[in-house]
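Scroll down for the structure; my scribbles are underneath it.
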Ligand code: S3P
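Numbering (our numbering), first residue to last: 184 to 356.
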């Protein structure tokens with residue numbers, strides 16, 4: 184599961200607004216390793232995600248995402264993925280060799296976090312929280328398939344959740 188060169192790589196997956204970036208940043212700081220957000224890498228290289236979806240479609244975004252995940256895993260560190268990365272079999276395959284933390288969150292907690300968000304999959308006419316719930320249910324099995332462990336972020340401070348993940352990760356070595 185781990186290699187001597189990079190003993191503390193771990194991956195965070197979960198639905199939109201589960202706290203993958205906030206928790207991941209804190210976990211990386213505590214472990215003393217790099218933090219990588221694959222969405223941010225895609226944006227840095229290809230521009231805003233909403234623009235990629237609008238201009239080239241979701242399938243194109245998923246391919247950019249798979250490549251970004253492969254690169255991030257090769258680089259190592261704490262890696263947070265976009266919520267839909269697990270929908271791709273090729274991306275799930277890449278995750279098999281790594282410790283993966285599934286972050287869950289309930290709809291009440293997510294409502295606040297989605298306010299002001301610019302996520303293309305939540306931008307239609309439907310209520311964003313209802314749409315979020317449907318997407319999460321569609322993907323739940325994929326998250327469970329890749330997950331080594333699960334933490335819920337609905338109620339506790341992100342720092343406490345990060346501390347628990349660090350403890351868990353150190354026990355895996
Ligand atoms: C997506 C989640 C987003 C981003 C893109 C698609 C999804 O990331 O990758 O908008 O399909 O769930 P977050 O999970 O960080 O919001």
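Note that the Cβ used here is the ideal one computed from N, Cα and C, for glycine as well.
Using CA atoms only, rank isn't needed, just tell me which of 293, 351, 194 and 354 is closest to residue 268. 194
In chain order, which alpha helix (DSSP H) runs of at least 4 residues are fully inside the segment 293-351? 311-329
Every unbroken beta strand (DSSP E) inside the segment 188-234 [3 residues or more]: 193-196 and 218-220
Between 340, 319, 304 and 329, which has its C-alpha nearest residue 236's C-alpha? 304
Determine the DSSP secondary structure at residue 264, reduced to helix, strand or coil. coil
For the alpha helix (DSSP H) containing residue 252, name the first residue and the last one. 241-258
Okay, do the segment 221-234 and the segment 245-255 touch, 3+ Cβ pairs below 8 Å being the bar? yes
Using a Cβ-Cβ cut-off of 6 Å (strictly less than) and excluding sequence neighbours within five positions of residue 188, which residues of its own chain qualify? Any reading at residue 188 is ruled out, since the residue's pLDDT is 46, under 50, leaving its predicted position unreliable.
Return the chain-ordered list of same chain residues with a C-beta closer than 6 Å to the C-beta of residue 344, the five sequence neighbours on each side being excluded. 206, 334 and 336
Where DSSP assigns a beta bridge to residue 286, which residues make up the other side? 334
Residue 275, enclosing alpha helix (DSSP H) - first and last residue: 272-278
Are the beta-carbon atoms belonging to residue 314 and residue 307 less than 9 Å from one another? yes
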